[in-house]
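Take 350 as the starting number for the sequence shown in the numbering used here and just add one per residue.
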Amino acid sequence: MVAVVAAGGCSNKLSKDRNKIRLVNAAFWSEIAAKNGAKAIDLLAPRTIEYFDSLLNHVQRSGPSKLNTLSFFDRSMVLVVRNRMDPAALRRMKSGRELAQWYFETDYTDGEMNRYQLGEITITRNSARAEYFVNDVRINDYKVEFVEEGGSWKFDWLSLVGFIEGDIKQTLGKAKVTIEQENKYLLNFERERSTKNTSPAIWEPPMK
350 MVAVVAAGGC
360 SNKLSKDRNK
370 IRLVNAAFWS
380 EIAAKNGAKA
390 IDLLAPRTIE
400 YFDSLLNHVQ
410 RSGPSKLNTL
420 SFFDRSMVLV
430 VRNRMDPAAL
440 RRMKSGRELA
450 QWYFETDYTD
460 GEMNRYQLGE
470 ITITRNSARA
480 EYFVNDVRIN
490 DYKVEFVEEG
500 GSWKFDWLSL
510 VGFIEGDIKQ
520 TLGKAKVTIE
530 QENKYLLNFE
540 RERSTKNTSP
550 AIWEPPMK
């Protein structure tokens, strides 16, 4: 009898946690659609905020040789921030939280956030992985991740990076390309998205 009650309690907690995770996912995309970066980043896992701390350092101070050691996605992020943020604001910026708020308010909106939904959720202790759907279509076997922190579930936005990077790099084809070719593609892609005539000088650090 005790074992049955314990099993029932465990099942009930898992069900509640899955509901909490779905609510966090929905709330995050809702705040993004509203361009409310401050509230959106409160729903993010610590790992994501730490990523923006590291990104800010690269955006402000890393030159071409250092940037070329970064991943394709990281270089695309550096390019977006340098090209779109006011230079004076970039020099004043002190923390990854500030950068994350700017990014999610300024660059990361498309007005259709209800299209990002979760499928089956698997929970292991204080972490969870969920099937990911865009416009009701499952993204292959890709799964997004959540972590529990202080009794609250947080969205690990970095778990989307592999999907985002793979989606962009598909346009480069299956042939192996050089760092220089990737950077040229990123510059052209950014010119099309931002309508700015971005030059290769953007890879030089704005701060020494």
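All residues carry an ideal CB built from backbone N, CA and C; glycine is no exception.
The alpha helix (DSSP H) enclosing residue i, as first and last residue numbers
i: I472; result: I472 -> not in any alpha helix (DSSP H); beta strand (DSSP E) instead, spanning Y465 to T473.
i: V483; result: Unbroken run through V483 is the beta strand (DSSP E), S476 to V483; no alpha helix (DSSP H).
i: E553; result: Element bounds for E553: n/a, residue is neither H nor E.
i: T397; result: P395 to R410
i: V427; result: F421 to R433
Status (buried if at least 16 other CB within 10 Å, exposed otherwise) for residue i
i: M426; result: buried
i: E399; result: exposed
i: R402; result: Note that residue 402 is Asp in the sequence shown, not Arg. When all chains shown are included, D402 counts as exposed.
i: G511; result: exposed
i: T418; result: exposed
i: T397; result: buried
Range of the contiguous beta strand (DSSP E) that encloses residue i
i: K503; result: S501 to D505
Straight-line Cα distance separating residue j from residue i
i: Q466; j: A479; result: 9 Å
i: K369; j: E497; result: 10 Å
i: E380; j: F504; result: 13 Å
i: F495; j: N374; result: 9 Å
i: F538; j: I470; result: 34 Å
i: E531; j: F421; result: 7 Å
i: Y491; j: S508; result: 9 Å
i: G468; j: K362; result: 18 Å
i: S360; j: Y481; result: 23 Å
i: E553; j: R424; result: 12 Å
i: W451; j: A437; result: 14 Å
i: R371; j: A550; result: 43 Å
DSSP bridge partner residues for residue i (one or two, in chain order)
i: V496; result: S476 and K503
i: V373; result: Answer is none; V373 lacks a bridge partner.
i: V526; result: In DSSP, V526 forms no bridge with anything.
i: R487; result: F482
Exercise. With a cut-off of 8 Å, do at least 3 Cβ pairs link the region 432 to 449 to the region 543 to 556?
Worked result: Judged by pairs of C-beta atoms under 8 Å, the region 432 to 449 touches the region 543 to 556, as three or more such pairs exist.
For this session: Mind the definition here: the region 381 to 396 touches the region 404 to 413 only if three or more C-beta pairs lie below 8 Å; say whether that holds.
Result: Contact fails: fewer than three Cβ-Cβ distances are below 8 Å.
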